[in-house]
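The next block holds one structure in the form of structure tokens; read it before the comments.
Number of protein chains: 2
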Amino acid sequence: MQADQPVRAGRAKRLPRAVRERQILDAAVDVFSRLGFHAASMDEISDVAGISKPMLYAYLGSKEELFATCIRREATRLMEAIADGVEVDRAADVQLWTGLRAFFDFVGENRASWQVLHRQASSQGGPFAAELNDMRGRAIGLVAALLENASERARGQEAQSLAAALVGAGESLADWWLDNPEEPAAVVAARLMNLVWLGFGDLVEGAVWHPPARR
Amino acid sequence: MQADQPVRAGRAKRLPRAVRERQILDAAVDVFSRLGFHAASMDEISDVAGISKPMLYAYLGSKEELFATCIRREATRLMEAIADGVEVDRAADVQLWTGLRAFFDFVGENRASWQVLHRQASSQGGPFAAELNDMRGRAIGLVAALLENASERARGQEAQSLAAALVGAGESLADWWLDNPEEPAAVVAARLMNLVWLGFGDLVEGAVWHPPARR
DNA sequence: GAGTAGTCTTACTGGCCAGTAGGTACTGGA
DNA sequence: TCCAGTACCTACTGGCCAGTAAGACTACTC
């Protein structure tokens, strides 16, 4: 019987360190996104990356360091994608819209990254969640600033919590979209835009919804 | 040196099975919420519950079964709390409002439950996420039905995705609230209600937000 | 006070996996 | 052609933890 699995045939080709590191990080994001931090093993990651375990440790350090590096890299990519997408110097609604578009485009094109960021990182306690919360906080702050600019009524806590809700709606809708991927990113983004903007638009005009007396 | 830790002093008091099972589930929810599924050990859970490990296995089965049982119990509690809270036979906005109130009240009073449901369960692949998605799906379906009733324009995919966004906004805002707990549940709930209802209210009246031509 | 059913324990096994020791091959310069 | 440096490897160790074997204690019944 011949070898039917093309498992790492012996020694891997020599490559400069920078290239290998990128390969390893790609593999790590893939594995972490599929299995989660704990269930992912360094053996599997090195396997997917096409190298041996000691290389992993030599280049990226411990499992925790590796994971943190993944998070930082993917978070940075996401935030940069959004920053590049937002058209500043335009009306608030356009800024929000372009930001949403950039966000959904990124998620559509980088599902694994999104999995690692949204699911895995936040569910591990400790420094990871902190790292992630930091990025999330920056996103919320960005949206909050936008809201504060657009309306006098949204200030401080008010703006922060509305922004948190909005960012959460985006995250959740992105998840839903991954399970129902038949629609293009633009359609999904537009739907969220309709929901939140027209809602917030009314707030801007001073409308307030009053809870009725309890029965 | 005397024993300074009141660790399980020898044999635990005999208790009927139903009571023990409840204690164990309480302990399990606590530990899972703090550490996550993988990092939580059966030793720690049995310790917190005040019994020995074999009891755990005798009563609740394997670690996975125990976790699934926790999820099912907490999901059921949450859904029942919401169902009890919603005032049916009233206008759509009142139904939504009462549902939101019930949801935020539950989260405020059962933080550990919420942690297990929202963070831990969804980040473990396999049967857990399925179980959780099931409940989540029911919540989304409920909201979607409400939206469909209220408007002709929201149908099928449209309603489903809007509902997903709304539920996600609620989840996210609940998380934010846990980190900023100075405000009462009602205030936070009202804020979300303003955001989403007035937004959706415009959709009902036929308003549509058009994305501008890209630059 | 002997039987029995259910509660509870100590003390172990076996597997998985993070991390390492101690090498071998390749490449490029002197 | 030798050397230095870097890329890369196989093969192991040690700890943690899910799950279990084997039995001990209690309470209730007749």
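Protein sequence lines correspond, in order, to chains A and B. Per our numbering, numbering through the first sequence is continuous, rising by one, with the last residue being 218. Per our numbering, numbering through the second sequence is continuous, rising by one, with the last residue being 218. C-beta: ideal position from N, C-alpha, C; glycine also.
In chain order, what residues of the same chain lie with their CB nearer than 7 Å to the CB of residue i, ignoring the 5 residues before and after it?
{"i": "B:Val34", "result": "Ala43, Glu47, Ile48 and Val51"}
{"i": "A:Gln127", "result": "Phe40"}
{"i": "B:Arg14", "result": "none"}
{"i": "B:Phe106", "result": "Ile85 and Gly173"}
{"i": "A:Ala167", "result": "Ile143"}
{"i": "B:Phe131", "result": "Phe70, Ala71, Ile74 and Ala124"}
{"i": "B:Lys66", "result": "Met45"}
{"i": "B:Gln160", "result": "none"}
{"i": "B:Asp7", "result": "Low confidence applies here, because B:Asp7 scores a pLDDT of 36, under 50, leaving its location unreliable; read the following figure in that light. Excluding positions up to five away in sequence, the list is empty."}
{"i": "A:Leu28", "result": "Thr72, Cys73 and Arg76"}
{"i": "B:Ser55", "result": "Ser49"}
{"i": "B:Leu220", "result": "Because residue 220 of chain B is not part of the residues shown, which for chain B are 4 to 218, the question remains open."}
Grab me the residues of residue i's own chain with a C-beta within less than 8 Å of its C-beta, minus the 5 sequence neighbours each way, in chain order.
{"i": "A:Arg75", "result": "Glu134"}
{"i": "A:Val119", "result": "Val32, Phe35, Ser36, Cys73, Ile74 and Glu77"}
{"i": "B:Glu186", "result": "Trp180"}
{"i": "B:Val97", "result": "Glu90"}
Could you list which residues in chain B have their beta carbon closer than 8 Å to that of residue i, in chain order?
{"i": "A:Ala167", "result": "Ser175, Leu176, Asp178 and Trp179"}
{"i": "A:Ala172", "result": "Ala168, Leu169, Gly171, Ala172 and Ser175"}
Which residues in chain B sit within 7 Å of residue i, going by Cβ to Cβ distance?
{"i": "A:Gln127", "result": "Gly39"}
{"i": "A:Leu195", "result": "Ala168"}
Classify residue i: buried if its beta carbon has 16 or more other beta carbons within 10 angstroms, exposed otherwise.
{"i": "B:Glu77", "result": "buried"}
{"i": "A:Ser125", "result": "buried"}
{"i": "A:Asn197", "result": "buried"}
{"i": "B:Ala162", "result": "buried"}
{"i": "B:Asp182", "result": "exposed"}
{"i": "B:Thr79", "result": "exposed"}
{"i": "A:Val146", "result": "buried"}
{"i": "B:Val10", "result": "Confidence in B:Val10 is poor, its pLDDT being 47 and thus under 50, which makes the residue's placement too unreliable to answer from."}
{"i": "B:Gly64", "result": "exposed"}
{"i": "B:Asp87", "result": "exposed"}
{"i": "A:Arg23", "result": "buried"}
{"i": "B:Leu59", "result": "buried"}
{"i": "B:Ala61", "result": "exposed"}
{"i": "A:Gly171", "result": "buried"}
{"i": "B:Val191", "result": "buried"}
{"i": "A:Arg17", "result": "exposed"}
{"i": "A:Ala177", "result": "buried"}
{"i": "B:Ala30", "result": "buried"}
{"i": "B:Arg122", "result": "buried"}
{"i": "B:Arg104", "result": "buried"}
Who are the neighbours of residue i on chain A, taking C-beta pairs under 8 Å?
{"i": "B:Arg122", "result": "Ser125 and Ser126"}
{"i": "B:Val191", "result": "Ser164"}
Along chain A, which residues have their Cβ under 7 Å away from the Cβ of residue i?
{"i": "B:Ala42", "result": "His41"}
Applying a beta-carbon distance threshold of less than 9 Å, which residues of chain A neighbour residue i?
{"i": "B:Ala105", "result": "Under the 9 Å cutoff, chain A gives no residues; its nearest Cβ is about 12 Å from B:Ala105."}
Please look up how many angstroms separate the CB atoms of residue i and residue j, rounded, as I've assumed it's under 8 Å.
{"i": "A:Glu174", "j": "B:Ser175", "result": "6 Å"}
{"i": "A:Ala153", "j": "A:Ala95", "result": "4 Å"}
{"i": "B:Met82", "j": "B:Arg141", "result": "7 Å"}
{"i": "A:Gly102", "j": "A:Ala188", "result": "Not really, about 13 Å apart at Cβ, beyond 8 Å."}
Beta-carbon within less than 6 Å of residue i's beta-carbon, same chain only, minus the 5 sequence neighbours each way: which residues are those?
{"i": "A:Met138", "result": "Ala78"}
{"i": "A:Val199", "result": "Leu169"}
{"i": "B:Gln26", "result": "Ala52"}
{"i": "A:Pro57", "result": "none"}
{"i": "A:Phe109", "result": "Leu81 and Ala84"}
{"i": "B:Ala115", "result": "Val32, Asp33 and Ser36"}
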